[in-house]
Amino acid sequence: MAIKKSQLYASLWQSCDELRGGMDASQYKDYILTLLFMKYVSDKAANDPYPVIEVPEGGSFKDMVELRGDKETGDKINKII
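My numbering applies: residue -12 is where the sequence shown begins, and numbers increase by one.
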């Protein structure tokens, strides 16, 4: 059964609200937009033989995901970005 676009948006919105917690939405968007940009650039660089932006080793979105569970995740992500 196909999901309606409105149901998808509602589900995504609810997920973002849960992740955001008590943080103001205007602050939260800064983090999310940065991560989306990192994901986009990492994917483009990985799939393009001549990327416009070069992602240094250890600086991809995949490297950030691999930090899950690390006690210093925040500091290490800040260094990657």
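Even glycine gets a Cβ: it sits at the ideal position worked out from N, Cα and C.
How would you call Phe24, buried or exposed, if buried means at least 16 neighbouring beta carbons within 10 angstroms? exposed
Where Ala(-11) falls: helix, strand or coil (DSSP): coil
Going by DSSP in three states, Gly61 sits in which element: helix, strand or coil? helix
In whole angstroms, give me the CA-to-CA distance for Thr21 and Lys63. 15 Å
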